[in-house]
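As structure tokens, the structure follows; a few thoughts come after it.
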Amino acid sequence: MRTPSTLAEKIWERHVVHRADGEPDLLYVDLHLVHEVTSPQAFEGLRLAGRSVRRPDLTVATMDHNVPTIAGPVDPVSRTQMETLERNCTQAGITLFPTGDLGQGIVHVIGPQMGLTQPGLMIVCGDSHTSTHGAFGALAIGIGTSEVEHVLATQTLPQRTPKTMAVTVEGELPAGVSAKDVILGIIARIGTDGGVGHVVEYRGSAIRSLSMEGRMTVCNMSIEAGARAGMVAPDETTFAYLEGRPNAPIGSEWDEALEDWRSLPTDEGAAFDKEVAFDAADLRPHVSWGTNPGQTVTIDDVVPEPADETAERALAYMDLRPGTAIRDIRPDTIFIGSCTNSRIEDLREAARILDGRKVREGLRAMVVPGSMLVKRQAEREGLDTVFADAGFEWRDAGCSMCLGMNPDQLSPGERCASTSNRNFEGRQGKGGRTHLVSPAVAAATAVLGHFAAPEDLDG
Amino acid sequence: MKPFTEHTGRALPLDRSDVDTDQIVPARYLRRIERSGFGPFLFAEWRKDPDFVLNRPEFAGATILLAGPNFGSGSSREHAVWALEDAGFRTVIAPSFADIFRTNCLKIGVLPVELAQESVRALMDAVLDDPTTEITVDLQALRVSAPAVHEAFEIDPYTRWRLLEGLDDIELTLRNADAIDAYERARPARLPAVTRA
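The listed protein sequences correspond, in order, to chains A and B.
For the first sequence, counting from 1, position 434 maps to 434 in my numbering; every step adds exactly one.
Quick note, my numbering runs 459 ahead of the 1-based positions in the second sequence.
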């Protein structure tokens, strides 16, 4: 009888191109996502070595990290970076979705949107949030620029076998608790290095109940727990999302694909190297208080006493005192966007809460849709009007204030309720203070002017 | 890649845990398309504090970075390693590293050395006590040596060989070009290829 295997092991095995004792496995890459920031040096490396792009047809590029989200002049250095991507893609025959194209958007939003992200695939990108694609039951790994060059040249990547980890969340999510709270709750429990060296599979009824957008949010932040990848087994929710998308299989190939995808989930009795389990009923809306995503508590908590020097530094940087109720903290800015929470469902959820309400006076608030197609969809549903009427700016697609690379940045000392993924020092701009939250909490916070759960608006 | 066999130098004690790559190089410096010249942006925010270790004259010229656990977490930006390399660092010694950062280091020949927290602490104390303390990292012998500290470290034999020889990963992979061809011939036709649709 076949040894029971995990989802990750099954995908790994079918991608082994070359295996030898003592060497890392050489894995085939089905889809390589490329963007303007981590690729120019890789293309330059290829040129210097006289190599070419092996499979432009398995490579797709977009501009996201450094694009403007508002009309206006672009600084010359940024323009050069974007023009360089355009030139590299043209020369190599790689499909590019540049700024101004309806297909443009955050790399982890457009892959799924186009139906390129499919179960069972090996996907890489020069970005740590590549784990997002694991929501489809793909093995998706973030890589550095040297590895980008390696994949461009060979369509393969040497990889050490990871360990496997099961994170199981059983039960029903309480009202007001979203996928973002699930993953923040997980990171708060296992820590920022709890997943190092592991591919995490999210399991259990609470995970199964999530939409594809929600699963992407969970998988997206796997790297914040240090994991090499995060994934969810494909099921009917996955198939329903994929069916009819531009690059999804059709006709007999769809049937063939379905049969294959149904064979992917972890076998009964398969062993994980590490297992943790939580009860969904214990989850509440989460808010980070510190400078790493593990420094997170629930909306009902207070800023904790610092347990070590790192926490003391974090409190000083965030200008917070232990014992302060999270609900008493007042942000200056609300950011809804990023590869974690910028999909149509995220925008619908925030808009539902903002409908007929106003952003608290004095607050700056912006929505940056994950892709231009998400933006168009939202406009068709009238969400842009809801956001604008509430007092939010309605921007073009990009990574924007998640990483503070384009002009969308916090000023020193500015405090932000952000639906993004990292609250590192200066992440959203020099001296900026980031609190990670869900779209629902961001919206409720925008209305009340202090951190709040959606339920706080009912009173 | 520049081979790494043995390195002796003075060390910079960065006594912080979870140092993420946004601290090593903030995003606003990633607009450049070059691979070199990132050294001046290393720890760009922290170094604005005149007391930050990187600014202290007694540690000038350090080539070994000592740091706390989970070093290099966060963003995949290889620019972080380029900045360390450009600023003269040949090796980083810490209790643990984030996966992508470690891989990036190994691709370009900056050696990440994992030692027990007490050993890293002992090295930091030695360096804080006497900044002229020299540390030797020997990849042949898999040993870290300082006057009061002698520790073995581990690295997988394949990576060690690649670093010692200074071998380029792409070159090594292309030795298996036939296997890649064969794999591609057997790939199911239904797998997606990129279209503009």
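The beta carbon of each residue, even a glycine, is placed where N, CA and C say it ideally should be.
Whole-angstrom distance between residue j and residue i, CA atom to CA atom
i	j	result
GLU465/B	ASP479/B	27 Å
PRO463/A	MET401/A	This structure gives no information on residue 463/A, because the portion of chain A shown stretches from 1 to 459.
VAL579/B	PRO68/A	43 Å
VAL169/A	ARG494/B	43 Å
LEU173/A	ALA641/B	47 Å
ARG536/B	ASP127/A	7 Å
LEU293/A	GLY103/A	In the sequence as displayed, the identity of residue 293/A is Pro instead of Leu. PRO293/A and GLY103/A: Cα-Cα distance of roughly 31 Å.
ARG357/A	VAL367/A	16 Å
THR164/A	THR550/B	29 Å
ASP458/A	ARG284/A	17 Å
ALA442/A	ALA92/A	42 Å
GLU23/A	GLU624/B	15 Å
VAL540/B	ARG646/B	35 Å
ASP628/B	ASP319/A	46 Å
ARG506/B	THR90/A	40 Å
GLY115/A	VAL124/A	16 Å
ALA71/A	LYS375/A	15 Å
GLN428/A	LEU631/B	39 Å
ARG515/B	SER205/A	54 Å
PRO306/A	ASN220/A	28 Å
Among the options, the one whose alpha carbon lies nearest that of residue i
i	options	result
ALA417/A	GLN91/A, ARG364/A, GLY204/A	ARG364/A
ASN406/A	GLN599/B, PRO462/B, ARG491/B, MET460/B	ARG491/B
ALA135/A	ASP384/A, PRO265/A, GLY382/A	PRO265/A
TRP394/A	GLY413/A, MET372/A, GLU83/A, GLY404/A	MET372/A
ASP235/A	ALA225/A, ASN247/A, SER211/A	SER211/A
ASP588/B	PHE463/B, ALA470/B, MET460/B	ALA470/B
VAL60/A	THR3/A, ILE329/A, VAL34/A	VAL34/A
GLN576/B	LYS461/B, PHE463/B, SER476/B	SER476/B
GLU593/B	MET460/B, LYS461/B, THR467/B	THR467/B
HIS108/A	GLY45/A, ALA138/A, HIS129/A	HIS129/A
TYR488/B	GLY426/A, GLU312/A, ASP57/A	GLY426/A
ASP355/A	PRO76/A, PHE392/A, GLU149/A, ARG2/A	PHE392/A
THR419/A	LEU157/A, ALA179/A, LEU96/A, GLY45/A	ALA179/A
VAL276/A	GLY185/A, ILE329/A, ARG348/A	GLY185/A
Exposed unless 16 or more other CB atoms sit within 10 angstroms - verdict on residue i
i	result
LEU121/A	buried
LYS566/B	buried
PHE335/A	buried
HIS538/B	buried
PRO346/A	The amino acid at residue 346/A is misidentified as Pro; the sequence shows Asp. Buried.
PRO119/A	buried
PRO73/A	exposed
ALA175/A	exposed
GLN159/A	buried
GLU147/A	buried
HIS15/A	buried
SER263/A	exposed
Residues that residue i contacts on chain A, provided the C-beta gap is smaller than 9 Å
i	result
ASP481/B	LEU403, GLY404, ARG422, PHE424, GLU425, GLY426, ARG427
ILE614/B	Residues of chain A passing the Cβ test: none, with the nearest at roughly 11 Å.
ARG475/B	GLU309, THR310, ARG313
Amino acids of chain B, ordered along the chain, whose beta-carbon sits closer than 7 Å to that of residue i
i	result
LYS430/A	GLU504
HIS18/A	ASN635, ALA638
GLN104/A	Near GLN104/A there are no residues of chain B at all, since even the closest Cβ is about 12 Å away, more than 7 Å.
Within chain B, the residues that residue i reaches when beta carbons sit closer than 9 Å
i	result
GLU44/A	ILE492, GLU493, ARG494
ASP346/A	Ordered by position in chain B, no residue passes the 9 Å Cβ test against ASP346/A, which lies about 22 Å from the chain.
VAL60/A	VAL653
ARG228/A	ASP558, ILE559
THR84/A	ILE492
Per-residue contacts from residue i into chain A (C-beta, under 7 Å)
i	result
LEU489/B	VAL37, MET405
LEU633/B	THR154
ARG536/B	THR38
PRO649/B	According to the sequence provided, residue 649/B is Arg. The question's Pro does not apply to it. Ordered by position in chain A, the residues that pass the 7 Å Cβ test against ARG649/B are PRO249, GLU253, GLU256, ALA257.
Any non-hydrogen atom of the ligand NAP closer than 6 Å to residue i Cβ
i	result
ALA271/A	With respect to the ligand NAP, the structure offers nothing, as it holds no ligand at all.
Beta-carbon neighbours of residue i, restricted to chain D and to distances below 8 Å
i	result
VAL77/A	Structure shown: chain D not included; protein chains present are A and B.
Chain-ordered chain A contacts of residue i [CB-CB under 8 Å]
i	result
LYS461/B	Going along chain A, no residue has its Cβ under 8 Å from LYS461/B, so there is no contact; the nearest lies around 13 Å.
PRO659/B	No statement about residue 659/B is possible, as the shown extent of chain B runs from 460 to 656 and does not include it.
ASP584/B	In chain order: nothing, as chain A lies at least about 15 Å away.
PRO472/B	Neighbours of PRO472/B on chain A: none; closest Cβ ~14 Å, over 8 Å.
Per DSSP, cross-strand counterpart(s) of residue i
i	result
CYS489/A	Because chain A spans 1 through 459 in this model, residue 489/A falls outside it and cannot be assessed.
GLN159/A	ASP25/A
SER288/A	THR296/A
GLU573/B	ALA553/B
GLY495/A	Chain A is shown only over 1 to 459; residue 495/A falls outside these bounds and no answer can be derived.
PRO472/B	LEU525/B
ARG436/A	In the sequence on display, residue 436/A carries Leu and not Arg. Paired residue(s): SER418/A.
LEU96/A	ALA61/A
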